[in-house]
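Letter by letter, the sequence shown follows residues 0 to 75 in numbering that gives the first Met the number 0.
Every residue, glycine too, gets a C-beta built ideally from N, C-alpha and C.
Below is one structure, written out as structure tokens, with a few remarks after it.
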Amino acid sequence: MNRFASPQIRLALLMMLGVYPIITAYLYILMPLTDGWQMWQRTVVLVPLMVATMVFGLIPALHRHFGWFIAGKARP
Numbered sequence: 000m001n002r003f004a005s006p007q008i009r010l011a012l013l014m015m016l017g018v019y020p021i022i023t024a025y026l027y028i029l030m031p032l033t034d035g036w037q038m039w040q041r042t043v044v045l046v047p048l049m050v051a052t053m054v055f056g057l058i059p060a061l062h063r064h065f066g067w068f069i070a071g072k073a074r075p
């Protein structure tokens with residue numbers, strides 16, 4: 000089996016496409032609110048937001064809408 004055609008690779012690619020705009024939006028929102036904070040302090044706020052968004056929003060949505068692609072099947 001082609002290593003790049005594995006479901007994990009397809010899921011990772013979809014997650015990168017979904018995570019990038021979400022994390023960028025969070026950063027645009029958080030940066031003015033956390034002006035003067037150290038990087039680790041911003042990260043303490045950002046990580047739980049991003050993880051919750053991924054676990055409860057992004058990953059279920061990807062499986063619901065792109066499950067066929069992740070599994071390597073024809074589009075329904």
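Fill in: Cβ-Cβ separation, Tyr25 to Met53 (assumed contact under 8 Å), whole Å
Separation of the CB atoms of Met53 and Tyr25 is rounded to 12 Å, and the pair is thereby denied contact status at 8 Å.
Item to complete: Could you check if Leu16 is buried or exposed, using at least 16 other CB atoms within 10 Å of its CB as the buried criterion?
Response: Leu16 comes out exposed.
Item to complete: Assign Leu101 to buried or exposed, taking buried as 16 or more other Cβ atoms, counted over all protein chains shown, within 10 Å of its Cβ.
Response: No information on residue 101 is available, as it lies outside the stretch 0 to 75 that the chain covers here.
Practice prompt. Would you check if the distance between the CB atom of Leu45 and the CB atom of Met14 is smaller than 8 Å?
Written response: Not in contact: Leu45 and Met14 (Cβ atoms no closer than 8 Å).
Worksheet item: Which residues in the same chain as Phe68 place their Cβ atom closer than 7 Å to its Cβ, once the five residues preceding and following it in sequence are excluded?
Response: Same-chain partners within the cutoff: Arg9.
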